[in-house]
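Residue numbers (this note's numbering): 174 to 463.
No residue lacks a Cβ here, since even glycine has one placed at the ideal position from N, Cα and C.
Single-structure report; data block below.
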């Protein structure tokens, strides 16, 4: 871990919110590419909470709302899905996405994952895909999740598994660290792979008051027509890597990009399509009863 002092929690939260506000347009543009990789995760999560007609389901840290929208048709008639995110730009994008698909039993609203603006015992299901590893206090956030779920309600969440098991991210980061463009990984205690530990997830869920926690590992694949496209998408989505590369002089940036392309080219797509890459990742998915 970097020896640099960590910012206070309020500063971390403010930076995170600003980052997601600025990234919403990029995430919306690259949604088809990401969702092709994330779809198995979303389906696992929705199956885990078993939505029924009449249920009220919240997707927190919803981003574009892809997981919650899968649940919307299952809670119809009589039920509804709330898509919530701390970044208002993400909320607006999720709302557009629902409207474009003609899904009417959905509302989108700003809401922080750490402090869910919901009454106690008001939800039948809670979905959080790639949220808890990015909050400064995941245990407190999970306690609040338990508060808003009815007895017998279900939570389903996803977090990235270990950094070492995610070359889609690790490969460029290692190059940037080796070139002195980033500090040693991880940069702080709050990062995308902070909860990549099965036993810790079970412990956190239990400490928050959940029972019968289950954790599984899913393998995913990011597919791109060539390594350069994969690199461009990754650098656009990752503020950590993207900012490190964006400010370089043209010749140095070109050299870094070529090295990253070479790293991704080591994962050829099994389809045999010329130049196509299929870069793997690993995710921990968990569910539990309130």
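- Taking C-alpha positions only, residue 228 is separated from residue 291 by approximately 15 Å.
- Considered as a whole, the region 397 to 463 harbours 400 to 410, 412 to 419, 423 to 438 as its complete alpha helix (DSSP H) runs of no fewer than 4 residues, in chain order.
- Between residue 210 and residue 393, the C-beta spacing is below 8 Å.
- A distance below 8 Å between beta-carbons, with the five flanking residues on each side excluded, links residue 271 to the following residues of its chain, in chain order: 238, 242, 245, 256, 279, 281.
- Spanning the alpha carbons of residue 220 and residue 441 requires a straight line of approximately 31 Å.
- If you look at residue 261, you'll find it in the alpha helix (DSSP H) that goes 261 to 273.
- Taking the Cα positions, residue 277 is about 32 Å away from residue 409.
- Within a 10 Å sphere around the beta-carbon of residue 385 sit fewer than 16 other beta-carbons, which makes this residue exposed.
- Excluding the 5 residues flanking it on each side, residue 321 has same chain C-beta neighbours closer than 8 Å at 231, 289, 291, 292, 293, 294, 295, 296, 299, in chain order.
- Counting only runs of 3 or more residues that sit fully inside the region 204 to 254, the beta strand (DSSP E) segments are 229 to 232, in chain order.
- Under the three-state reduction of DSSP, residue 200 is assigned to helix.
- In this structure, DSSP gives residue 331 an extended state, which the three-state scheme calls strand.
- Under DSSP, residue 258 shares a beta bridge with 283.
- Spatial neighbours of residue 343 in its own chain (CB-CB distance under 7 Å, excluding positions within 5 residues in sequence) are listed in chain order as 336, 337.
- Between residue 303 and residue 332, the beta carbon gap of about 7 Å places them in contact (Cβ cut-off 8 Å).
- Residue pairing by DSSP puts residue 302 in a beta bridge opposite 331.
- Apart from the 5 residues on each side of it in sequence, residue 259 sits with its Cβ closer than 6 Å to the Cβ of 190, 285 in its chain, given in chain order.
- Short of 6 Å from the beta carbon of residue 381, and not among the five residues preceding or following it, lie these beta carbons of its own chain, in chain order: 315, 316, 319.
- Taking all protein chains shown into account, residue 447 has fewer than 16 neighbouring C-beta atoms within 10 Å of its C-beta and is therefore exposed.
- In the three-state scheme derived from DSSP, where H, G and I count as helix and E and B as strand, residue 292 is classed as coil.
- Contact annotation, residue 390 with residue 222: C-beta distance approximately 19 Å; criterion of less than 8 Å not satisfied.
- If you check the CB distance, residue 449 and residue 397 come in under 8 Å.
- Boundaries for residue 307: no alpha helix (DSSP H) harbours it, and the DSSP string shows neither H nor E there.
- For the pair residue 215 and residue 240, the Cα-to-Cα distance works out to about 5 Å.
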